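Trainee:
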Amino acid sequence: MNFVRSHVLVCGGTGCTASKSPEIIETFHSELKSHGLDKEVSVVQTGCFGLCALGPIVVVYPEGSYYTQVKVEDVNTIVEEHLLKGRIVDKLLYKETDDKGVERSLNNTEFYLRQHRIALRNCGVINPEMIDEAIAFDAYQALGVCLTEKTPEEVIEIISASGLRGRGGAGFPTGMKWKFAAASPGPVKYVCCNADEGDPGAFMDRSVLEGDPHAVLEAMAIAGYCIGANQGYIYIRAEYPLAVRRLRIAIEQAKEYGLLGKNIMGSGFDFDLEIRLGAGAFVCGEETALLTSLEGHRGEPRPRPPFPAVKGLFGKPTVLNNVETFANIPWIINHGADAFSCMGTEKSKGTKVFALGGKIKNTGLVEIPMGTTLREVVEEIGGGCPNGKKFKAAQTGGPSGGCIPASLIDTPLDYESMAAIGSIVGSGGLIIMDEDNCIVDIAKFFLEFTMDESCGKCSPCRIGTKRMYEILEKITQGRATLEDLDTLEELGNHIKENSLCALGQTAPNPVLSTLRYFRDEYEAHVVDKKCPAGVCKDLVEYKIITDKCTGCTACARICPVDAISGKVREPHVIDPSVCIKCGSCLAACKFGAIIVE
Amino acid sequence: MSTVTVKVNGMPIECPSDATVLEAAHLAGIRIPTLCYLKDINEIGACRMCLTEVKGQKGLVAACVFPVSEGMEIDTNSKKAYDARKRTLELILSNHRMECLTCVRSQNCELQALAEEYGMEEVRFGTPKEMEPDIEQSTPHLIRDNSKCILCRRCVAVCKEWQHAAVIGPNDRGFATHIGSPFGRGLGEMACINCGQCINVCPTGALTEVDSATSVWEALADPKKHVVVGTAPAVRATLGEEFGDPIGTNAQGKMVAALRRLGFDGVFDVDVSADLTILEEGTEFIQRLQNGGVLPLITSCSPGWIRFCEQYYPEFIPNLSSCKSPQQMFGAMMKSYYAEKMGIKPEDIFVVTVMPCTAKKYEIRREDQSSVNGLWDMDETITTRELAKMIRKAGLDWASLPEEEYDPDFGEFSGAAVIFGASGGVMEAALRTVVEILTEETLPKLDFVDVRGLEGIKEASYDVAGTTVKVAVASGTQNAARLLDKIKAGEADYHFVEIMGCPGGCINGGGQPIQPGSVRNFVDVSALRANALYTADALMKMRKSHEVPLIKKLYDTYLGEPGSHRAHELLHTSYRQTPKYPGLDADKNEN
Chain A
1 MNFVRSHVLV CGGTGCTASK SPEIIETFHS ELKSHGLDKE VSVVQTGCFG LCALGPIVVV
61 YPEGSYYTQV KVEDVNTIVE EHLLKGRIVD KLLYKETDDK GVERSLNNTE FYLRQHRIAL
121 RNCGVINPEM IDEAIAFDAY QALGVCLTEK TPEEVIEIIS ASGLRGRGGA GFPTGMKWKF
181 AAASPGPVKY VCCNADEGDP GAFMDRSVLE GDPHAVLEAM AIAGYCIGAN QGYIYIRAEY
241 PLAVRRLRIA IEQAKEYGLL GKNIMGSGFD FDLEIRLGAG AFVCGEETAL LTSLEGHRGE
301 PRPRPPFPAV KGLFGKPTVL NNVETFANIP WIINHGADAF SCMGTEKSKG TKVFALGGKI
361 KNTGLVEIPM GTTLREVVEE IGGGCPNGKK FKAAQTGGPS GGCIPASLID TPLDYESMAA
421 IGSIVGSGGL IIMDEDNCIV DIAKFFLEFT MDESCGKCSP CRIGTKRMYE ILEKITQGRA
481 TLEDLDTLEE LGNHIKENSL CALGQTAPNP VLSTLRYFRD EYEAHVVDKK CPAGVCKDLV
541 EYKIITDKCT GCTACARICP VDAISGKVRE PHVIDPSVCI KCGSCLAACK FGAIIVE
Chain B
598 MSTVTVKVNG MPIECPSDAT VLEAAHLAGI RIPTLCYLKD INEIGACRMC LTEVKGQKGL
658 VAACVFPVSE GMEIDTNSKK AYDARKRTLE LILSNHRMEC LTCVRSQNCE LQALAEEYGM
718 EEVRFGTPKE MEPDIEQSTP HLIRDNSKCI LCRRCVAVCK EWQHAAVIGP NDRGFATHIG
778 SPFGRGLGEM ACINCGQCIN VCPTGALTEV DSATSVWEAL ADPKKHVVVG TAPAVRATLG
838 EEFGDPIGTN AQGKMVAALR RLGFDGVFDV DVSADLTILE EGTEFIQRLQ NGGVLPLITS
898 CSPGWIRFCE QYYPEFIPNL SSCKSPQQMF GAMMKSYYAE KMGIKPEDIF VVTVMPCTAK
958 KYEIRREDQS SVNGLWDMDE TITTRELAKM IRKAGLDWAS LPEEEYDPDF GEFSGAAVIF
1018 GASGGVMEAA LRTVVEILTE ETLPKLDFVD VRGLEGIKEA SYDVAGTTVK VAVASGTQNA
1078 ARLLDKIKAG EADYHFVEIM GCPGGCINGG GQPIQPGSVR NFVDVSALRA NALYTADALM
1138 KMRKSHEVPL IKKLYDTYLG EPGSHRAHEL LHTSYRQTPK YPGLDADKNE N
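For the protein sequence lines, the chains are A and B, in the order given.
Residues in the first sequence are numbered from 1 upward in steps of one, following our numbering.
Residues in the second sequence are numbered from 598 upward in steps of one, following our numbering.
1) Strictly under 8 Å for the Cβ-Cβ distance: is Gly771 (chain B) near chain A by that measure?
2) In this structure, how does DSSP classify Gln45 (chain A) when only helix, strand and coil are distinguished?
3) I want to know whether the segment 477 to 490 of chain A touches the segment 379 to 386 of chain A - three or more CB-CB distances under 8 Å.
4) Examine chain A for any beta-carbon lying closer than 8 Å to the beta-carbon of Asn1188 (chain B), and answer yes or no.
5) Who are the Cβ neighbours of Met176 (chain A) in its own chain at under 7 Å, not counting the five residues just before and after it?
6) Among B:Thr1065, B:Met717 and B:Gly1102, which has the Cα closest to the Cα of Ala1071 (chain B)?
7) Does any residue of chain B bring its CB to less than 8 Å from the CB of Leu472 (chain A)?
8) Are the beta-carbon atoms of Thr396 (chain A) and Val425 (chain A) separated by less than 8 Å?
9) Under 8 Å, Cβ to Cβ, is there at least one residue of chain B near Lys347 (chain A)?
10) If you run the structure through DSSP and keep just helix, strand and coil, what is Arg1140 (chain B)?
11) Kindly confirm or deny that the segment 1082 to 1095 of chain B and the segment 800 to 810 of chain B touch, where touching means at least three C-beta pairs closer than 8 Å.
12) In chain B, what lies closer than 9 Å to Met370 (chain A) by C-beta?
13) Grouping DSSP H, G and I as helix and E and B as strand, with all else coil, what is Ile844 (chain B)?
14) Could you pull the start and end residues of the beta strand (DSSP E) that Ser1058 (chain B) belongs to?
15) Quick check: is the beta carbon of Pro399 (chain A) nearer than 8 Å to any beta carbon in chain B?
16) Whole angstroms are fine: how far does the CA of Gly198 (chain A) sit from the CA of Cys192 (chain A)?
17) Based on the DSSP output, what are the partners of Ala1069 (chain B) in its beta bridges?
18) If I measure Cβ to Cβ from Ala181 (chain A) and keep anything under 6 Å in the same chain, skipping five residues before and after, which residues do I get?
19) What are the boundary residues of the beta strand (DSSP E) that Lys768 (chain B) is part of?
20) Name the two residues that bound the continuous alpha helix (DSSP H) containing Pro609 (chain B).
21) Cβ closer than 7 Å: which chain A residues qualify as neighbours of Gly656 (chain B)?
22) Please go through the segment 778 to 822 of chain B and give each complete beta strand (DSSP E) segment of 3 or more residues, from N-terminal end onward.
23) State whether the segment 764 to 780 of chain B contacts the segment 820 to 836 of chain B, with contact taken as three or more CB pairs (one from each stretch) at a distance under 8 Å.
24) So, Thr506 (chain A) versus Ser400 (chain A), is the Cβ gap smaller than 8 Å?
25) Looking at the structure shown, is Asp436 (chain A) part of a helix, part of a strand, or coil, going by DSSP?
26) Could you say if the segment 863 to 878 of chain B and the segment 744 to 760 of chain B meet the contact criterion of at least three C-beta pairs nearer than 8 Å?
27) Using three-state DSSP, classify Asp272 (chain A) as helix, strand or coil.
28) Alpha carbon to alpha carbon, what distance is there between Tyr240 (chain A) and Trp331 (chain A)?
29) Taking Phe354 (chain A) as the reference, give the member of A:Ala593, A:Arg5, A:Met370 and A:Cys582 with the closest Cα.
30) At a Cβ threshold of 8 Å, is Ser691 (chain B) touching chain A?
31) Taking C-beta to C-beta, are Ser1011 (chain B) and Met1139 (chain B) nearer than 8 Å?
32) I'd like to check one pair, Tyr909 (chain B) with Gln788 (chain B): are the Cβ atoms closer than 8 Å?
33) Just by C-beta distance, which residues in the segment 453 to 478 of chain A are closer than 9 Å to chain B?
34) Between the Cα of Arg750 (chain B) and the Cα atoms of A:Cys585, A:Ser459 and A:Lys530, which residue gives the shortest distance?
35) Report yes if the C-beta distance between Lys652 (chain B) and Glu667 (chain B) is below 8 Å; otherwise report no.
36) At 3 residues or longer, what runs of the beta strand (DSSP E) sit wholly inside the segment 658 to 736 of chain B?
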């Protein structure tokens, strides 16, 4: 092994890759070489650091300098200043100061301070394409312990004792799932990994696979050992090419090292893994639909019972867990069940990764102990809404989840508390909305997603979501009656209770929860024919305040449909019959003379 | 079998331990509504009409797939279940083109029946009465109107599970989901075998046969046309169902009376040409057996099967009997023998058959089905269902119709011909003749029970004049595929094989009266219908094709001997390999 004096870690996650991190890495290599530093400084492409809003991210060790929004042009500066002369490049550093104006170190920043990284432990730390780095960070140690020191029953007992629950959405106790599958008789069983992450805005599974694929491979082998399976499948959406590539590399390297395949670590246990690409249908995140798709059929759910633990893939007992769930397993084995269960709440143990998005400063991935309040996540970790806007609501669990109003911002993020207020933890999508968001519009947006993604198999989901959407359209267009609100609620409950699978059973959640917490906003659309947030085009009107208008003509010039008229230096007027409510004039006016009502 | 005791609406019911909630309720005399469920082949729990309350379960359960357990308490008619079903029904109706009065399935529609049962006075969603038809018609036999489809997938299931064709499935997703063929192609571009099984299981008017009755009415109204009709063996076993007779009623006499009253100039039986088939096919078999011809010989009566063979198993084309189907033989004989006998120009004869079959609509325009003056052997063929509609349209009162006999010119046939309508019937009929010819002895017992019954594949072997003759019978093309695979793999060496396209044979053909899921799931419809044919056979004096005086006369005076040149001209045809995806293959050639 080569010893170097500095490590340059460059994020190679999908977000930073899109912002040219591969070019940054290339430039580092060439710059280091031209400065004769290529033997002293090592450049490592890592997985995601989490603070995606500020990518591409570069961290230089041993100093731990956290450079954000690095451009290809900045590489030369970092090499010449930091690596050659030892002077940290201040202008690129992530800046967060405390109340006294003192700059905080990376791990003391609000974003990282409250996080506790278990599933993401190696993301942003190791090169995911080098198994040696993973092994240096304890990869496959847990598998070795299981195979050589523990019976399958003992391993399952540890997982059960840890209190780990499925991180894909349903929160089913993982130990129990494994126990059922282990108890199902039969020589052929399967372990499957759900990497079909379909919630818009959620990307923790992708980040784990891109940043630490061996954690998942190791956990699947452990699961195989526990239930008596020798074959595993990773069902991953084809839209995750980088994750797929790193998985392939990881599987190949693990096989080379004898950590997958025949007679793993000389234990006599065989476990092989294959990758199956999904076409990205949301419903294939539902376990039975995923298995149906894996079998080569149209991805549609099937009735349960029989449950997959009894009759799953190809009719055989199957354990299917989500990526994040698996990523926790080796850590739990290595650190013990107590180390995991001491975090979280009474029934929701450990940590959960949330994907922060929407109207929030620090968009990205955060892994926090279960039970952390929404307020801590939004205000402290997330840094609040940008531009000083007021926090209005948070949508948890993506389109299957519910909307949490500002009044419930102190709700702890755990399975029970979320369910109690009509939402779900789900896969961990956390979308923040501010005062500019219309809640009806948001509900419509999410419902449109599930309506389109419904597989079309069962009647309530296929037809019901469409009918709900039609009512929401009526509301946002000002054509609805109060009776429609009742029908909407009735339909929502019907679909929730009577659909075949979790997609339909959760699809109405955004509507039902917003009806519960923002009924006045719905009623404003229905009764007053107004959209309080000024979003629903059919209900707003653009007007020019005569007193404020200077007649600068900026609005008239930018209007794409010539709806604005007026003489120079005289107040202008908007013709509402022509106006398409595009908002161009509002943006163009420097005098605040245009309002939306 | 182990049993469990459950409570259905408070009543203790003992049922098999592997029963479903639906089956337990059935045992208690309660019908839980279903739309998508078809026992064994479409157990998908998708329509959600059967949702039922089971004590201790979080929500309602899909009765069609939810297994019972000891002590389970089922409440089939709780308010919660009733409300859920009614709301689901409302949603289904909101996307179903409602034109009940003019719909072909009016009063025989499972959705309509449920709407009535659940008192659907109002549908709050969609515009079901203003929807436009959404028609797909690219085959000679089938019309699909997706505006009436409720996506129960029963058609998809039979096409795949029973018929091995799988040429339809759900396309698109969500509200846009619709049943269609791959790549949005027309069914006519797929390897559809025209069997019509999809029509039989459709709960609504989304699938219907192409109308052939109109041209029959026109011919009947044309004074220049001499219109004759022949009825297939299986039609007599089912027609009564259309008029409320119990399943399995033999309606031959009333059917003949009805056809006469509809104005047909000759009312004949295709059974006569079934007897001819036995003579021709039996002769062909004996020749192949004795001269080292291609074996097994496989029957060719079923056009669905023929189409399946040509598309899916063309390597078996040399095994097919060159005999036309009885229908086509009937047409050929009408336009030759009958025309000459009656002194009518073949051009003036309009030949109609009543068939249990939709593939017959395709068969009548197949190549090499024209024997006289370049005329098609057959002019038109209608299904059992279409005949029933004609009878209703003509105002014939089924109950008071007398029982009448066929016209004698082409109306004398054997019991062997009657059983053609049930799977195994052709084989049994052939054996009755072939064995007697080969052994030159009279069979002591005519019932070949090994080839009867409704199993998908039946096998038997018989010692015939010192030779062991191995036979097999398959019905439903899924079973045909299994059987042919076995032969291909060298796991079986049959001499003679009967294959029928539809499961159970013609009694369960795609043109037969439609029984709703609630009947199909609990009553063995095919067995009851087959029983009508076997009972008729048992009561007949003539039970062997080669002993029917009319058949003897036809050969003596007209055809010569079985397999003669004349017989070949009129009664035999040819087959050719057909591409599985004609449309797609054409595209490939263009590219």
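Note that the Cβ used here is the ideal one computed from N, Cα and C, for glycine as well.
Predicted model, so just to flag it, every value in this text is computed and none were measured.
Mentor: According to the structure data:
1) yes
2) strand
3) no
4) With a pLDDT of 43 at Asn1188 (chain B), under the threshold of 50, the modelled position of that residue is not reliable, and the figure given next carries that caveat. No, Asn1188 (chain B) does not count as interfacial toward chain A.
5) Ser160
6) B:Gly1102
7) no
8) yes
9) no
10) coil
11) no
12) The premise fails here: Met370 (chain A) is roughly 24 Å from chain B at the closest Cβ pair, so nothing lies under 9 Å.
13) coil
14) Ile1054 to Val1061
15) no
16) 17 Å
17) B:Glu1056 and B:Val1094
18) Ile227, Ala309, Pro317 and Val319
19) Lys is not the amino acid found at residue 768 (chain B); the sequence shown has Asn there. Run containing Asn768 (chain B): Gly766 to Asn768, per the beta strand (DSSP E) assignment.
20) Unbroken run through Pro609 (chain B) is the beta strand (DSSP E), Met608 to Pro613; no alpha helix (DSSP H).
21) Glu497
22) 804 to 806
23) no
24) yes
25) coil
26) no
27) strand
28) 25 Å
29) A:Met370
30) yes
31) yes
32) The residue you asked about is not Gln; residue 788 (chain B) is Ala in the sequence shown. Against a cut-off of 8 Å, the Cβ pair of Tyr909 (chain B) and Ala788 (chain B) comes out as a contact.
33) Glu453, Ser454, Cys455, Gly456, Lys457, Cys458, Ser459, Pro460, Cys461, Arg462, Ile463, Gly464, Thr465, Lys466, Arg467, Tyr469, Glu470 and Ile471
34) A:Ser459
35) no
36) 670 to 672
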